[in-house]
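Numbering (the working numbering), first residue to last: 42 to 308. First the structure, in the form of structure tokens, and then the observations on it.
What follows is the structure, encoded as structure tokens:
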């Protein structure tokens, strides 16, 4: 189970074998990895550096279910397909409990979990990632600098917001295998090009800032006045962005547009 506390992105995934663990950790690039005390003592994670041991009871199935239900304010976890991912659910419960212990409170912006399946995306092993130079060039990896210059990410990342940049990084590190989604994205790109809208969109988007992390700080009661000013600037961009996406022929953009409706009272 993985959690990006600054944005509230919460995901679970069950591996087919222990051999895939290294590939997944390379994909995730986690700043902190939690492992049960017993597993760490049994040397199941010899190659895992900087692993933090947490009590084994954090991973108890019943406790994880209770912890996640309380976090999501639901009677049970049926809506999240947790029954299909029992091991990932236990890991997710342990992770939420750790966050509560760390911050002395639950994270209100964690309102659900998304489970990934093998068939959803390509699994790239560490050697393949290094050779493809997706996020880091080989020269920098050899020196330990992990530079992103002269990489695929640097080449195609022209995002106007930090949120877009993170999304591009996720898409490149976990390429989707969903043909329907890929066709939707291609249709959206076609519409932008055919209607010359791609050159108009970056300007209002640059006002938005890192709204994901601003909202997370508000939820965690750690926001500063500067965060609220940036939130106001982001809300001010909504009308222009929404207007640019009027009358599209793209089903993906049509799905996104209702979430971009202006919020004048909040603004």
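All residues carry an ideal CB built from backbone N, CA and C; glycine is no exception.
Between residue 271 and residue 250, the CB-CB gap stays under 8 Å.
Residue 168 is classed as exposed because its beta carbon has fewer than 16 other beta carbons within 10 Å across all chains shown. Per DSSP, the unbroken alpha helix (DSSP H) holding residue 134 starts and ends at 127-144.
Contact between residue 109 and residue 137 holds: CB atoms are separated by about 6 Å, below the 8 Å threshold.
Looking at the DSSP output, residue 76 bridges to 94. Between residue 252 and residue 144, the gap from beta carbon to beta carbon reaches 8 Å or more. A distance below 6 Å between beta-carbons, with the five flanking residues on each side excluded, links residue 303 to the following residues of its chain, in chain order: 279 and 280.
Residue 55 carries a coil assignment under DSSP once its states are collapsed to helix, strand and coil.
The residue among 235, 147 and 76 with its C-alpha nearest the C-alpha of residue 91 is 76.
The C-alpha of residue 263 is placed about 34 Å away from the C-alpha of residue 62.
For residue 297, the enclosing alpha helix (DSSP H) begins and ends at 292-297. DSSP lists 51 as the beta-bridge partner residues of residue 44.
Out of 243, 118, 78 and 293, the CA that lies nearest to the CA of residue 156 is found in 118. Exclusion of the five residues before and after residue 51 leaves 44, 151 and 154 as the residues of its chain whose Cβ lies within less than 6 Å of its Cβ. Going by C-alpha positions, residue 95 is about 12 Å away from residue 101. Nearest in C-alpha terms to residue 241, of all of 42, 129, 201 and 258, is 201. Burial check for residue 268: the Cβ neighbour count within 10 Å reaches 16 or more, so the residue is buried. With three or more CB-CB distances shorter than 8 Å, the segment 226-235 counts as touching the segment 290-303. Using a 10 angstroms sphere on the CB of residue 175, the tally of other CB atoms reaches 16 or more, which defines it as buried. Nearest Cα to residue 214 within the set 66, 46, 49 and 236: 66.
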